[in-house]
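Q: If you count by our numbering, then the sequence shown holds residues 168 to 342, one letter each, in order. Virtual Cβ for every residue (Gly too), placed ideally from N, Cα, C. One structure follows; several queries about it will come next.
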Amino acid sequence: MACAVSAYTTQQGLATSTSDMLVSVGVALSGGLTCPDAAAAYYQTDTRAVTPQQEAAVNPNDPFAWFNLGTSNVALQDWPNAAAAYDHARQLGLPWRMTWYQFGWFDAYLRTGRYDDVLALADTTIKVTPNIEEMFYYKGMALQALGNFDAARSQFELALKYNSNFEPAKQALAQ
Numbered sequence: 168m169a170c171a172v173s174a175y176t177t178q179q180g181l182a183t184s185t186s187d188m189l190v191s192v193g194v195a196l197s198g199g200l201t202c203p204d205a206a207a208a209y210y211q212t213d214t215r216a217v218t219p220q221q222e223a224a225v226n227p228n229d230p231f232a233w234f235n236l237g238t239s240n241v242a243l244q245d246w247p248n249a250a251a252a253y254d255h256a257r258q259l260g261l262p263w264r265m266t267w268y269q270f271g272w273f274d275a276y277l278r279t280g281r282y283d284d285v286l287a288l289a290d291t292t293i294k295v296t297p298n299i300e301e302m303f304y305y306k307g308m309a310l311q312a313l314g315n316f317d318a319a320r321s322q323f324e325l326a327l328k329y330n331s332n333f334e335p336a337k338q339a340l341a342q
């Protein structure tokens with residue numbers, strides 16, 4: 168299986184069979200998935216695994232279950248369903264720090280044309296914590312999509328102010 172999970176398990180000296188490997192890294196797979204094939208194989212090979220859909224169904228009032236569903240849908244590039252799951256998680260209530268470390272919802276909202284949601288999430292975070300480069304990057308991406316190129320450029324530059332090595336902002340400025 169050609170994905171980051173294979174490289175990780177080899178590096179960590181974990182089991183080499185696909186089934187054993189996926190069970191060994193199940194925790195990594197259940198969150199920010201980067202390899203849809205690995206996720207699908209994991210849920211098919213381990214009967215103990217609970218899919219994000221099952222988690223949300225069993226715990227319909229748990230915002231983290233819905234957030235996990237959104238994150239899984241991002242990994243599968245199912246942008247509309249990811250955005251819908253994130254919306255539900257937000258309605259149920261999430262800690263204000265969620266935007267510090269989780270960026271799937273920004274991608275889902277960008278990919279579904281919900282630029283105002285991206286701007287609102289980024290602005291809310293910046294008011295509390297003004298030094299998270301990803302907020303300026305995503306704000307720049309939304310502004311760029313709205314055709315406000317000067318403001319977008321300014322946001323990408325701010326992202327680099329807080330992290331001069333932040334590649335996505337560098338790439339956005341180079342375009």
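Using the C-alpha atoms, what's the distance from Gln220 back to Asp346?
A: Examination of residue 346 is not possible in this model, given that the chain is present from 168 through 342 alone.
Q: Measure the CB-CB distance between Ala249 and Asn235 and report whether it falls below 7 Å.
A: No, Cβ-Cβ distance for Ala249 and Asn235 is not below 7 Å.
Q: State yes or no: is the C-beta of Gly260 within less than 7 Å of the C-beta of Pro230?
A: yes
Q: Quick check on DSSP: helix, strand or coil for Arg264?
A: coil
Q: Taking just the CA atoms, how far does Gln258 sit from Tyr304?
A: 25 Å
Q: Please state whether DSSP places Gln244 in a helix, a strand or coil.
A: coil
Q: From the DSSP output, in three-state form, read off Gln311 for me.
A: helix
Q: Taking Cβ positions, are Gln322 and Lys337 nearer each other than 7 Å?
A: Cβ atoms of Gln322 and Lys337: not closer than 7 Å.
Q: Quick one: give me the first and last residue of the alpha helix (DSSP H) that Pro219 is part of.
A: Judged by DSSP secondary structure, Pro219 falls within the alpha helix (DSSP H) whose first and last residues are Pro219 to Val225.
Q: Which same chain residues end up closer than 6 Å to Leu223 when comparing Cβ atoms and leaving out the 5 residues on each side of it in sequence?
A: Checking the displayed sequence, the identity of residue 223 turns out to be Ala instead of Leu. Excluding positions up to five away in sequence, the list reads Ala232, Trp233 and Leu236.
Q: Which same chain residues end up closer than 7 Å to Leu325 when comparing Cβ atoms and leaving out the 5 residues on each side of it in sequence?
A: Phe303
Q: Please report the residue range of the alpha helix (DSSP H) in which Gly271 lies.
A: Gly271 to Arg278
Q: Which residues in the same chain have their Cβ closer than 6 Å to the Cβ of Ala256, if we skip the five residues on either side of it in sequence?
A: Pro230, Trp233 and Phe234
Q: For Asn330, which three-state DSSP category applies?
A: coil
Q: Apply the 10 Å Cβ neighbour rule to Arg264 and answer buried if 16 or more other Cβ atoms are within range, or exposed otherwise.
A: exposed
Q: Hey, would you say Leu332 sits closer than 7 Å to Glu300, going by beta carbons?
A: Looking at the sequence shown, residue 332 is not Leu but Asn. Their beta carbons are not under 7 Å apart, which means Asn332 does not touch Glu300 by this criterion.
Q: Quick check on Pro297: does DSSP put it in helix, strand or coil?
A: If DSSP states are grouped into helix, strand and coil, Pro297 belongs with coil.
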